[in-house]
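J.:
In the numbering used here, the protein residues as written are 5 to 197.
1. For a quick check, are the C-beta atoms of residue 176 and residue 141 less than 8 Å apart?
2. Among 117, 111, 98, which one has its Cα closest to the Cα of residue 86?
3. Can you name the residues that DSSP bridges to residue 52?
4. For residue 62, count neighbouring C-beta atoms within 10 Å of its own C-beta (all shown protein chains included) and say buried if the count is 16 or more, exposed if not.
5. For residue 1, which residues of its own chain have a beta-carbon under 8 Å away from its beta-carbon, when the five flanking residues on both sides are left out?
6. Could you check if residue 134 is buried or exposed, using at least 16 other CB atoms within 10 Å of its CB as the buried criterion?
7. Would you mind stating whether residue 109 and residue 100 have Cβ atoms separated by less than 8 Å?
8. Starting from residue 28, trace the alpha helix (DSSP H) both ways and give me its first and last residue.
9. Round the Cβ separation of residue 45 and residue 37 to the nearest angstrom and send it over; I've been treating them as touching at under 8 Å.
10. Is it the case that the Cβ atoms of residue 171 and residue 95 are separated by a distance below 8 Å?
11. Return the CA-CA distance between residue 81 and residue 54, expressed in angstroms with no decimal places.
12. Using a Cβ-Cβ cut-off of 7 Å (strictly less than) and excluding sequence neighbours within five positions of residue 20, which residues of its own chain qualify?
Next comes the structure, spelled out in structure tokens:
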């Protein structure tokens with residue numbers, strides 16, 4: 005609601021004036037309205053001869069377009085048409101069985117899909133980057149017998165104690181984009197005394 009209030013104010017209108025303008029455009033009968041609000045709409049050239057002007061329509065459309073852009077995307081829009089195969093490909097990268105922590109390495113496809121919906125709504129990475137980053141992550145922990153490795157679900161996203169979600173997968177995808185290569189062994193080697 006505050007977003008609407010701020011957008012209306014940017015156009016030098018009060019919420020009542022905006023709703024009056026909108027009701028005139030939509031031909032909705034308003035039985036009670038403040039004459040001062042109507043006069044201000046005329047003064048701002050949003051209304052002329054009891055009709056919405058081009059300027060008035062532009063104000064309404066700009067506010068409408070702001071909210072129409074907020075529509076949520078479908079799973080296919082976010083994950084792609086063949087997302088089930090991609091989620092399975094991701095899942096299969098993780099080793100079978102349990103991790104040293106005792107939790108299963110691979111999580112079920114439904115839970116993974118839900119986490120990927122969040123992931124792809126937050127980040128603009130591709131499936132190729134996701135799969136390459138995951139391979140790099142798993143290979144890194146394979147050398148240590150998967151000690152302290154996250155399972156397939158938590159690698160995508162995990163909440164901290166303050167209920168803030170973060171993604172180690174996103175960090176690894178960034179490393180891929182930055183050109184990091186495990187074979188170069190680009191680890192920090194500064195000695196701290």
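No residue lacks a Cβ here, since even glycine has one placed at the ideal position from N, Cα and C.
T.: To lay it out plainly:
1. yes
2. 117
3. 55
4. exposed
5. This structure cannot speak to residue 1, because the chain is shown only from 5 to 197.
6. By the beta-carbon neighbour count (other beta carbons within 10 angstroms, threshold 16), residue 134 is buried.
7. yes
8. 19 to 29
9. Actually they are not in contact, since the Cβ atoms of residue 45 and residue 37 sit about 10 Å apart, beyond 8 Å.
10. no
11. 43 Å
12. 38, 41
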